[in-house]
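J.:
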Amino acid sequence: MATIAEIAEWTDGRAASSPFEGEITRVSSLDDADIHAAVFASSPDVLQSALQSRAGVILAAAKIAAESNDNRLVLVTDPRLAFSIIGDRLHPLAATSVHPTAVIDVTAHIGNHTSIGPGVVIGANVRIGNGCLIGARVVIEPGVVIGDRVRIQAGAILGALGFGYARRPDGSYLMFPQQGALVIEDDVEIGANTTIDRGALEETRIGAGTKIDNLVHIGHNCRIGRNVIIAAQTGISGSSVVEDGAILGGQVGMGEHATVGPGVILGGGAGVLSGKKLFGAGQVFWGRPARPLKQYLRDLARLSRGR
Amino acid sequence: MATIAEIAEWTDGRAASSPFEGEITRVSSLDDADIHAAVFASSPDVLQSALQSRAGVILAAAKIAAESNDNRLVLVTDPRLAFSIIGDRLHPLAATSVHPTAVIDVTAHIGNHTSIGPGVVIGANVRIGNGCLIGARVVIEPGVVIGDRVRIQAGAILGALGFGYARRPDGSYLMFPQQGALVIEDDVEIGANTTIDRGALEETRIGAGTKIDNLVHIGHNCRIGRNVIIAAQTGISGSSVVEDGAILGGQVGMGEHATVGPGVILGGGAGVLSGKKLFGAGQVFWGRPARPLKQYLRDLARLSRGR
Amino acid sequence: MATIAEIAEWTDGRAASSPFEGEITRVSSLDDADIHAAVFASSPDVLQSALQSRAGVILAAAKIAAESNDNRLVLVTDPRLAFSIIGDRLHPLAATSVHPTAVIDVTAHIGNHTSIGPGVVIGANVRIGNGCLIGARVVIEPGVVIGDRVRIQAGAILGALGFGYARRPDGSYLMFPQQGALVIEDDVEIGANTTIDRGALEETRIGAGTKIDNLVHIGHNCRIGRNVIIAAQTGISGSSVVEDGAILGGQVGMGEHATVGPGVILGGGAGVLSGKKLFGAGQVFWGRPARPLKQYLRDLARLSRGR
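Read top to bottom, the protein sequences are chains F, R and W.
Residue numbers in the first sequence follow numbering that gives the first Met the number 0, run continuously in steps of one, and reach 306 at the last position.
Residue numbers in the second sequence follow numbering that gives the first Met the number 0, run continuously in steps of one, and reach 306 at the last position.
Residue numbers in the third sequence follow numbering that gives the first Met the number 0, run continuously in steps of one, and reach 306 at the last position.
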């Protein structure tokens, strides 16, 4: 629950001099809004609808709402961010809780305000920090280390054995030892049914603040930087590196020992060959194999023109 | 158990005037057939084998079997459909059952003749209709609404939080509220380990009769129409629309806010860019980005010819 | 625990005439090595580091280490394979164990030295051989047959219903019977959250020694040969065949009724059209649709040159 004054403070926003005196308990869409709801408006059209809604707080960009004197307005720089901040703040921290159906090794350590869902399996010597949410049926294999405020959605598998083999002279395969670590740093979020393998001899590491969507695969020994975005069904082969702030679209594929540099953006479905290194903050690469966007578009145009 | 007369009735078929008087209990391949089994024949060659098999009923197209007077024959328009109908009818409706290891919130409502498998997790305020089969270890997050005769295979995750973020000025990300609904309409079937996200503020909806294969991802706010086919490992990003009767091959990727029109067919691995709209019932699109089949084939040929 | 003499015997290697007399209990990276650890060196540079490490055994190729007289050396043909052999041998066979939270049908049969993890679900008439490891929350549907020394990682779903439908005249779909078998032969390894469907009327079969990575999908009626490698997120549609010794990179897609011949290599992301057959042991195919590597590279070069 929050007053408009509190909301303005949380969002670095500016409320009316005599703001609406309601109590805000939730964020909502315009259609679902009542006087306890906060909504946001990023465009003049949406602002008009918001002003006609029953919402108790309207977060709006100063440049589109400065002339309105509706006492429910809070003027902010980035309304979508402000809305997200309020949604986040209105969710109270979970109580420490472990569902009785979770299977947790006695040597595992679980922090405060961390919630462990039904059917979760946590192996020996796992460490989980404070303020984490571990969804239903997540499996955390032995020795995995998880920081604070990590959110793992249902069905994810953390610390599986990597896919590395030696070939015998007769053509059969023998698993190369897969006994390394997996470290998930603070504020990481991991999607449903995603799989992240432990290191073979060293470690796999997911940097702080990185967000990973559903059904993503990250292989052994990978090093993912901080504040990286990895959309659904992307697959990253063993020993690859994704540097801080990179953005990977859905269904991206990276071969082994490849590198995506800081701030690089890979379009959906892009493919990075084994050993390849792509650099350039803010640069977009697309296609298979991934090329700079300009070249990719030129190639496409040439193909369809036939020259 | 069924007589040939019943089978003819179920399939709109025509039996011999003095049909074989066996009792049919199951469908089978030709090799496994005995006198209690129904088989089907769509081609003259298969028909010959079927006539030599021990099957108790042979479903065959009138145009290939009209001249045979084997009293096990049932002449139908579409033998493969007839065979499927019989397989379906011979499975009795499940008794209402909830496996003791399922974890079901007290506020959830579960219909009649619905079977809930081992290790299933069902959250608060979930509603599940009649005649549903919920496979082992399925997770249904709070508030998800599921119609009648829905079949969900093992490991699927319904109603996970979507992948939407606001970026802070320091480059870190904050989850945009993901508190919307997920509605699965009647007769939907969902494959193993598939993930479907709930809406952010509004809803995600899967239309009646739609069939979804394994390891598919459907993002927040998507609207999937009726009788849509979505093959394995396809990924549909947030806020996209797939209209009635569309067919998506395996490993298709759709960006955000894209539309696939009614009856459109996307070949395996096709990619639809964010915001793109593809229309044309029965039209096949292929490639990344997806183009009309004719153009795609021309592009491929040109590429390999080198001009 | 092993002596250097035992290690030399396991690996067909040659130890020094007066070998170091330590007891080796584990394999490790160079950085983590102590006198109980075995390490390996495939290059002169790594050999120098290994000789300076505290490792108790150094597995090295004869051609790079023949002139060193360090008494910790064991000279072998393939150091990486030798290292894998030792890692494997130092893991004692698991005791037969079934976690109390596993749900196992009374008609299922489980072999000796087989370990069943937490939350596993095993259906009626399943048979599992000796020396298997079944990870947490794996689901094995009724009737699936699993050989000896099979390792299945967490979350995999074996024996789900395949994705085959008949279309009714009104455009709706009815599932074609999916009642066939799934056979997993000896020494197969299956990754986390992978799904393998049972046959429709016949069987799906995974040949001995085949290794399958995470989030792979294998459809109904597929026949996968022996010693096949299938990397993460690859999808194989129904009724396709992959012959012995083939290697499929990550995110490969195969249509229905396609064939990948013995020893064929498919690069990451390659696509094989329905009905297509690719042959040639050791031949590399790449791209969508998959072409011989030479042609694929020529096509790419031509595209980027613009002629």
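All C-beta atoms, glycine included, are put in the ideal place defined by N, C-alpha and C.
Computed from a predicted model, the values in this text were never measured in an experiment.
Hey, W/Leu181 and W/Val143 are a contact pair by Cβ (cut 8 Å); roughly how many whole angstroms apart?
T.: About 5 Å separates the two Cβ atoms, so the contact holds.
J.: Which class does R/Glu5 belong to by DSSP, given the choice of helix, strand or coil?
T.: It is helical.
J.: Would DSSP call W/Asp147 helix, strand or coil?
T.: Residue state, collapsed to three classes: coil.
J.: For the region 238-258 of chain W against the region 207-219 of chain R, do three or more pairs of beta-carbon atoms, one drawn from each stretch, fall closer than 8 Å, so that the two count as touching?
T.: The region 238-258 of chain W vs the region 207-219 of chain R: no contact.
J.: Closer than 9 Å by beta-carbon distance: list the chain R residues that pair up with F/Asp87, in chain order.
T.: The answer, in chain order, is Leu173, Met174 and Pro176.
J.: How many whole angstroms separate the CB atoms of F/Arg287 and F/Ala300, which I take to be in contact at a CB cut-off of 8 Å?
T.: Going by Cβ atoms, the distance from F/Arg287 to F/Ala300 rounds to 17 Å, so no, they are not a contact pair.
J.: Shorter than 8 Å from the beta carbon of F/Ser238 to some beta carbon of chain W?
T.: With 8 Å as the cut-off, F/Ser238 does not count as an interface residue toward chain W.
J.: For F/Ser42, return the contacting residues in chain R, with the cut-off set at a CB-CB distance below 8 Å.
T.: Result: empty, since nearest Cβ-Cβ is about 15 Å, beyond 8 Å.
J.: I'd like to know if R/Ser114 contacts chain W, where contact means its C-beta is closer than 8 Å to some C-beta of that chain.
T.: Not one chain W Cβ lies under 8 Å of R/Ser114.
J.: If you count every other CB in all the chains shown that lies within 10 Å of the CB of R/Glu8, and 16 or more means buried, which is it?
T.: Under this definition R/Glu8 is an exposed residue.
J.: Quick one: give me the first and last residue of the alpha helix (DSSP H) that W/Gly86 is part of.
T.: Counting along the chain, the alpha helix (DSSP H) containing W/Gly86 begins and ends at Pro78 to Leu89.
J.: If distances are taken between C-alpha atoms only, which option among W/Thr113, W/Asn213, W/Ala245 and W/Ile84 comes closest to W/Thr364?
T.: Residue 364 of chain W is absent from the model: chain W starts at 0 and stops at 306.
J.: Go ahead and label W/Thr194 buried or exposed: buried means 16 or more other beta carbons lie within 10 angstroms of its beta carbon, across all protein chains shown.
T.: Buried.
J.: Determine the chain F residues that contact W/Arg136 at a beta-carbon separation under 8 Å, and present them in chain order.
T.: Within chain F, the residues near W/Arg136 are Gly118, Val120, Arg136 and Val138.
J.: Using the three-state DSSP reduction, which class does W/Pro291 fall into: helix, strand or coil?
T.: Three-state DSSP puts W/Pro291 in a strand.
J.: Leaving out five residues before and five after F/Thr100 in sequence, what residues of the same chain have Cβ atoms less than 6 Å from its Cβ?
T.: These residues qualify, in order along the chain: Pro117 and Gly118.
J.: Which residues share a DSSP beta bridge with F/Gly130?
T.: Bridge partners of F/Gly130: none, in fact.
J.: Write down every uninterrupted run of the beta strand (DSSP E) in the region 11-89 of chain R whose length is 3 residues or greater and which is fully enclosed by it, in chain order.
T.: Qualifying beta strand (DSSP E) stretches, in chain order: 36-40, 56-60 and 72-75.
J.: To the nearest angstrom, how far is the alpha carbon of R/Thr24 from that of R/Arg88?
T.: For R/Thr24 and R/Arg88, the distance between alpha carbons rounds to 10 Å.
J.: Under DSSP, the beta strand (DSSP E) around W/Phe284 begins and ends at which residues?
T.: Per DSSP, W/Phe284 belongs to the beta strand (DSSP E) from Val283 to Trp285.
J.: How about R/Gly270: is its Cβ closer than 7 Å to a heavy atom in the ligand PLP?
T.: Among the ligands in the structure shown, none appear at all, so the ligand PLP cannot be discussed.
J.: Taking the beta strand (DSSP E) that F/Thr203 belongs to, which residues open and close that run?
T.: Where F/Thr203 is concerned, the enclosing beta strand (DSSP E) stretches over Glu202 to Ile205.
J.: Are the CB atoms of R/Ala65 and R/Ala37 within a distance shorter than 8 Å?
T.: Cβ atoms of R/Ala37 and R/Ala65: not closer than 8 Å.
J.: Is the beta carbon of R/Ala14 closer than 8 Å to that of R/Ala4?
T.: Going by C-beta atoms, R/Ala4 is nearer than 8 Å to R/Ala14.
J.: Based on Cα-Cα distance, which residue from F/Asp196, F/Arg126, F/Pro168 and F/Val227 lies nearest to F/Glu188?
T.: Of F/Asp196, F/Arg126, F/Pro168 and F/Val227, the residue nearest in Cα terms is F/Val227.
J.: Using a beta-carbon distance cut-off of less than 9 Å, what residues from the region 273-290 of chain W approach chain F?
T.: Going along the region 273-290 of chain W in chain order, one finds Gly286 and Arg287 with a Cβ nearer than 9 Å to chain F.
J.: With contact counted as at least three CB pairs below 8 Å, one residue from each stretch, are the region 159-171 of chain R and the region 122-130 of chain R in contact?
T.: Segments in contact, no.
J.: Is the beta carbon of W/Thr2 sitting closer than 8 Å to the one on W/Ile84?
T.: Against a cut-off of 8 Å, the Cβ pair of W/Ile84 and W/Thr2 comes out as no contact.
J.: Can you give the beta carbon distance from F/Glu184 to F/Gly198, rounded, assuming they're within the 8 Å contact cut?
T.: Not really, about 15 Å apart at Cβ, beyond 8 Å.
J.: Rounded to a whole number of angstroms, what is the C-alpha to C-alpha distance between R/Pro176 and F/Pro78?
T.: Taking the straight line joining both Cα atoms gives about 13 Å.
J.: Since I believe F/Asn192 is in contact with R/Ile156 (beta carbons under 8 Å), could you give me their beta-carbon distance rounded to a whole number of angstroms?
T.: With 8 Å as the limit, R/Ile156 and F/Asn192 qualify as a contact, their Cβ atoms being about 6 Å apart.
J.: Can you name, in chain order, every residue of its own chain whose Cβ lies under 7 Å from the Cβ of W/Gln232, other than the five neighbours on each side?
T.: Closer than 7 Å at Cβ, skipping near neighbours: Leu214, Val215, Gly249 and Gln250.
J.: Check whether the Cβ of R/Asp212 lies closer than 8 Å to any Cβ atom in chain F.
T.: Answer no: the Cβ-Cβ gap between R/Asp212 and chain F never drops below 8 Å.
J.: Interface residues of chain R around W/Leu160 at Cβ under 7 Å?
T.: The answer, in chain order, is Gln152.
J.: Sort F/Gly21, F/Asp44, F/Ser17 and F/Ala49 by Cα distance to F/Asp30 and report the nearest one.
T.: That would be F/Ala49, whose Cα lies nearest to the Cα of F/Asp30.
J.: Taking 8 Å as the threshold (beta carbon to beta carbon), is W/Ala231 in contact with chain F?
T.: Output row for W/Ala231: interface = yes.
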